[in-house]
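Each remark here refers to the structure printed beneath this line.
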Amino acid sequence: MIKKGEDTNEDVALGNSNKRNKGISRKILRYFPIIPRLQRLFMTKRTAEDMRWYKNKRADDGVLRHPADSLAWKSFDEKYPSFASDPRNIRLGLASDGFNPFGSMSNAYSMWPVILIPYNLPPWLCMKQSNLLLSLLIPGPKGPGMDIDVYLQPLIDDLKILWESGIETYDAFTKQNFFLRAFLLWTINDYPAYGILSGWSTKGKLACPICHIHTCSIYLKHGRKQCYMGHRRFLEVNHPFRRNKSSFDNTKEERLAPQALSGDDALAQLNTSSQVLVDGSTRKRKRDAIRYDNWKKKSVFFELPYWRTLLLRHNLDVMHIEKNISESVIGTLLDIEGKPKDTLKSRLDLQELKIKKPLHTIKNENKYILPPASYTMSKTEKIQFCQLIKEVKFPDAYASNISRCVNVKEARIFGLKSHDHHVLFQRIFPPIIKGILPKDAYDPLVELSLFFSDLCAKELHVEKLDQLDKSIRMTICKLERVFLPTFFDVMVHLAIHLAMEAKLGGPVQFRWMYYIERFLRTLKSYVRNKAHPEGSIAEGYLAEECMTFCSKYLTDMETKQNRPDRNFDSSNIEPNGLSIFNCRGKPLAGGAWINLSTHEINQAHFYILQNCEKVRPWMEQHLEILRKENNRNVSRGTRRNSLCGLRKRW
């Protein structure tokens with residue numbers, strides 16, 4: 000790469016040193032070509048075999064365990080049978096998000112990597128960090144915004160080649176050459192990146208890309224924000240909630256649930272909503288031009304011939320949606336500063352909308368009194384809530400130390416990460432609030448928690464997802480009866496679409512941002528020169544990728560590919576005495592000698608009798624003797640009782 004003031008090899012050869020001065024580039028895009036790296040997946044015999052797993056070894060029993068079980072995958076195979084005929088053709092997922100490569104978050108810097116995920120691999124490998132392919136590194140300090148299509152163009156060009164003609168590749172498993180093809184199945188991103196990649200603005204009154212122009216939203220005058228309510232239209236036509244005025248917004252609901260846009264529908268909207276230009280110039284559209292949708296651009300992905308036919312083009316990220324809903328719920332219940340959705344402004348908005356009259360503010364001279372809602376907790380209840388969370392203990396590696404984020408005296412929870420909210424909202428939250436809040440308040444919150452718990456299961460059933468789709472509609476309508484309009488931001492609304500997306504795309508573990516966020520943390524650790532963070536990340540990643548590839552050939556030594564788990568207990572121990580004592584555990588910390596109580600000794604004795612194979616024959620023989628003796632005693636007791644009866648009669 001040549002910068003201003005440097006001489007090319009040609010200039011040096013011709014003696015024209017420093018005669019050409021090239022300007023310094025505004026930004027340098029680092030592209031890691033994907034074609035040779037996809038070919039590399041078939042260069043080792045074991046990986047080449049794993050790339051066929053979804054076709055040869057996957058159990059096709061109707062249960063969703065892998066993206067290959069999803070409706071989107073199967074629909075694509077039906078539309079393009081020539082592509083599906085060869086199981087070696089690769090299905091890819093694309094993920095992108097911005098992150099700050101520096102340790103100091105006060106330094107505003109947004110770098111955007113673009114990561115590819117090969118879904119042909121088994122579930123335990125395809126989301127592993129060593130199999131994530133970094134394809135683009137979009138530099139900072141500012142994010143690309145809607146101009147990200149310019150940076151994605153090299154990747155799109157390679158994806159076109161991989162779709163149309165393919166690349167001749169050697170397969171180490173069959174030891175033959177074949178033409179490798181690939182296609183992009185969907186994108187994975189958080190909600191702001193959803194708008195950047197799809198072209199649909201995720202802000203404003205039409206923020207929901209699934210409901211599109213039929214998004215139901217209200218602007219709150221005092222809170223100065225949009226709220227997204229009107230979820231009764233997702234219920235059945237004859238549901239009693241549709242006719243219930245007083246519990247909702249004093250109106251009957253007669254609208255039908257909106258349908259998601261297909262690729263053809265999106266293209267039709269894009270073609271009819273082109274921007275209005277002034278005098279043929281390239282200036283922005285007129286402010287007074289009428290627009291009936293939220294499109295900002297036509298996404299570069301529509302250049303791919305198959306993109307408009309996909310059932311699920313962009314995924315809603317369950318991780319961030321669950322985290323934001325958990326933050327809103329906990330912040331409202333504990334009235335954490337800056338987090339609650341029940342404030343004076345939200346109560347004034349209730350008066351403006353003329354709904355929920357028992358919760359309207361009461362003005363007392365220069366002060367406003369806020370009547371308590373059903374979810375309002377007293378100071379004692381808040382302290383009890385925090386104390387219970389602080390005392391919870393988790394198995395090793397199940398969750399982080401959530402107790403460090405709890406301040407019992409101030410009844411405040413702070414500093415929780417996304418996975419902390421995941422564990423807290425699904426496992427801890429329901430049993431705690433059930434003993435504190437009244438039924439009308441805790442019932443929908445528990446249902447919401449159970450919804451996310453069922454949705455995040457490793458195995459999904461289509462019938463179960465249909466039930467979840469119906470239950471979440473009812474749950475959010477129940478929340479509308481209890482909580483204020485400010486609670487219903489776009490994250491709460493998006494939960495209503497998650498069950499249907501799981502039906503189209505399969506388990507959420509292959510479509511959420513947890514793995515991507517961890518990979519970004521790894522990229523951040525490669526920064527050694529803070530003056531050139533992109534260069535540091537590029538060098539570190541290439542070195543890591545080379546070492547990972549080489550380790551696939553090293554099977555007789557410990558590498559990243561065959562390294563045992565952190566808590567792996569070695570089983571290579573010579574037999575010594577009873578088999579039950581041959582499995583030694585590896586201590587997590589320093590050990591200490593303790594004296595067992597009588598009760599603990601009896602428990603250990605009982606465990607050995609129940610689980611040791613060598614003791615089992617003696618145990619069965621002993622039980623048989625006890626059984627015969629017991630029968631003999633019972634028969635003696637019966638004769639004794641009969642003799643006593645005869646004596647009484649005489």
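Numbers 0 to 649, taken from numbering that gives the first Met the number 0, label the letters of the sequence shown in order.
Cβ atoms here follow ideal geometry from the backbone N, Cα and C, with glycine treated the same way.
None of these values were measured; they are calculated from a predicted model.
Check	Outcome
Which whole-angstrom value is the C-beta distance of Ala-494 and Ile-320, which I expect to be below 8 Å?	6 Å
DSSP puts Arg-90 in a beta bridge; with which residues?	Phe-182
Starting from Glu-446 and walking both ways along the alpha helix (DSSP H), at which residues does that stretch end?	438-454
Would you mind working out which of His-420, Thr-474, Lys-416, Met-145 sits nearest Ala-440, comparing C-alpha positions?	Thr-474
Quick one: which unbroken alpha helix (DSSP H) runs of 4-plus residues sit fully inside the segment 133-201? Chain order, please.	147-163, 190-197
Leaving out five residues on either side along the sequence, give the residues of the same chain with a beta carbon under 6 Å from the beta carbon of Ala-137.	The residue asked about is misnamed: residue 137 is Ile in this sequence, not Ala. The answer, listed in chain order, is Trp-111, Pro-143, Tyr-150.
When you compare the segment 343-363 with the segment 498-505, are there three or more beta-carbon pairs, one atom per stretch, that lie closer than 8 Å?	no
For Glu-543, which residues in the same chain have their Cβ closer than 6 Å to its Cβ, ignoring the five residues on either side in sequence?	none
How big is the Cα-Cα spacing for Ile-368 and Phe-486?	20 Å
Is the separation between the beta-carbon of Gly-539 and that of Leu-519 shorter than 9 Å?	no
Three or more C-beta pairs under 8 Å: does that hold for the segment 477-484 against the segment 347-361?	yes
So, is Ala-396 buried or exposed, given that buried needs 16 or more other C-beta atoms within 10 angstroms?	exposed
Look up Trp-111 in the DSSP assignment and give the residues it is bridged to.	Ile-137
Since His-420 and Lys-340 are thought to touch, with beta carbons under 8 Å apart, how far apart are those beta carbons, to the nearest angstrom?	Their Cβ separation, rounded to whole angstroms, is 16 Å, which puts His-420 and Lys-340 out of contact at 8 Å.
Return the Cβ separation of Asn-188 and Ala-94 in integer angstroms, given the expectation that the two are a contact with Cβ distance under 8 Å.	6 Å
Would Val-275 be called buried (16 or more neighbouring beta carbons within 10 Å of its own) or exposed?	Per-residue confidence for Val-275 stands at a pLDDT of 40, beneath the threshold of 50, marking its modelled position as unreliable; no derived number is given.
Could you give the residue range of the beta strand (DSSP E) that holds Leu-219?	217-219
List the whole-angstrom C-beta distance separating Pro-443 from Leu-478, where the pair is believed to meet the contact cut-off of C-beta under 8 Å.	5 Å
Classify Leu-63 as helix, strand or coil using the three-state DSSP reduction.	strand
Following a CB-centred definition, is Lys-381 positioned closer than 8 Å to any heavy atom of the ligand FMN?	Annotation note on the ligand FMN: not contained in the displayed structure, which lists no ligands.
Taking all protein chains shown into account, decide if Asp-156 is buried (16 or more other Cβ within 10 angstroms of its Cβ) or exposed.	exposed
Since Ser-298 contacts Asp-148 with CB under 8 Å, what's their CB separation in whole angstroms?	7 Å
Counting Cβ pairs, one atom from each stretch, are 3 or more of them under 8 Å apart for the segment 71-82 and the segment 179-186?	yes
Going by C-alpha to C-alpha distance, which of Leu-358, Asn-363, Lys-220, Leu-333 sits closest to Ile-388?	Leu-333
Report the three-state DSSP secondary structure of His-238 (helix, strand or coil).	coil
Is the Cβ-Cβ distance between Val-328 and Leu-447 less than 9 Å?	yes
Using a 10 Å radius around the Cβ and a threshold of 16 neighbouring Cβ atoms, would you call Cys-226 buried or exposed?	buried
Tell me, to the nearest whole angstrom, how far the beta carbon of Phe-650 is from that of Pro-66; I am working on the premise that it is less than 8 Å.	It is not possible to answer for residue 650, since the shown part of the chain is limited to 0 through 649.
Might you give, ordered along the chain, the residues of its own chain that have their beta carbon closer than 7 Å to the beta carbon of Tyr-525, omitting 5 neighbours on each side?	Ser-535, Ile-536, Gly-539, Tyr-540
Within the same chain, show all residues whose beta-carbon is closer than 8 Å to that of Lys-657, passing over the 5 residues directly before and after it, in chain order.	A query on residue 657 cannot be resolved here, the shown segment of the chain reaching from 0 to 649 and no further.
Roughly how many angstroms lie between the CA atoms of Leu-269 and Leu-161, to the nearest whole one?	27 Å
For a quick check, are the C-beta atoms of Met-50 and Ile-89 less than 9 Å apart?	yes
Starting from the C-beta of Thr-281, find all residues in its chain whose C-beta is less than 8 Å away, skip the five residues before and the five after it, and write them out in chain order.	Interpretation of Thr-281 is limited by its pLDDT of 43, a score under 50 that renders its predicted location unreliable; the figure taken from the coordinates is listed afterwards. For Thr-281, where only same-chain residues beyond five positions count, there are no Cβ hits under 8 Å.
Sorted by chain position, which residues of the same chain lie with C-beta nearer than 8 Å to Glu-48's C-beta, five sequence neighbours on each side aside?	Phe-172
Any idea if Ile-600 is buried or exposed, counting beta-carbon neighbours within 10 angstroms, 16 or more meaning buried?	exposed
Does the beta-carbon distance from Thr-331 to Tyr-374 come in below 9 Å?	yes
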